[in-house]
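K.L.:
Quick note on the working numbering: the sequence shown kicks off at 472 and runs consecutively. Don't be surprised by glycine CBs; every beta carbon is placed ideally from N, CA and C. Given the structure is predicted, the values throughout are model-derived calculations rather than measurements. Below are the structure tokens for one structure; questions will follow.
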Amino acid sequence: MKELVYETQGTCAKAIRVLLNDDNVVEEVRFLGGCNGNTSGISSLVKGMKAEDVINRLEGIRCGNKMTSCPDQLSKALKEMTSCSIN
């Protein structure tokens, strides 16, 4: 099991705690801060997904005029955990 507490940048959420199993499948995601309904929804939707699939779906999503979002920050955390190249 791999665990990371990722400090976000540019979002209302301050951090994301991510647990991946040995096959890089998302076991748990918890956001610290942010819009509870949205972050809870994201957490539920990605549970059981392969990290690579989550990255492909969420990378680059923006929140309003911001250059990033909570989903985009989750993709960055997963990239860090799985050694995928960060653009």
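Starting from the Cα of G535, find the closest Cα among F502, G481, L545, G512 and give me that residue.
P.N.:
Among F502, G481, L545, G512, the Cα nearest to that of G535 is on G481.
K.L.:
If we call anything under 8 Å between Cβ atoms a contact, is A548 one with V496?
P.N.:
No, these two residues do not count as a Cβ contact at 8 Å.
K.L.:
Measure the Cβ-Cβ separation of T510 and A484 and say whether it is below 8 Å.
P.N.:
Cβ distance < 8 Å, so T510 and A484 count as in contact.
K.L.:
Assuming V525 and S514 are in contact, meaning their beta carbons sit under 8 Å apart, how far apart are those beta carbons, in whole angstroms?
P.N.:
V525 to S514, Cβ: 11 Å. No contact.
K.L.:
Report yes if the CB atom of E551 is closer than 8 Å to the CB atom of L491, and no otherwise.
P.N.:
Against a cut-off of 8 Å, the Cβ pair of L491 and E551 comes out as no contact.
K.L.:
Beta-carbon within less than 8 Å of M472's beta-carbon, same chain only, minus the 5 sequence neighbours each way: which residues are those?
P.N.:
So the list reads L490, L491, N492, D493, E498, once near-sequence residues are dropped.
K.L.:
Excluding the five sequence neighbours on either side, which residues of its own chain have a C-beta within less than 7 Å of the C-beta of M538, listed in chain order?
P.N.:
So the list reads G481, once near-sequence residues are dropped.
K.L.:
Decide if S556 is buried, meaning its Cβ has at least 16 other Cβ atoms within 10 Å, or exposed.
P.N.:
For S556, the predicted model reports a pLDDT of 45, less than 50, meaning its position is unreliable; a value from the coordinates is still stated below. Burial call: exposed.
K.L.:
Where does the unbroken beta strand (DSSP E) through K485 begin, and where does it stop?
P.N.:
Its beta strand (DSSP E) spans residues 484-491.
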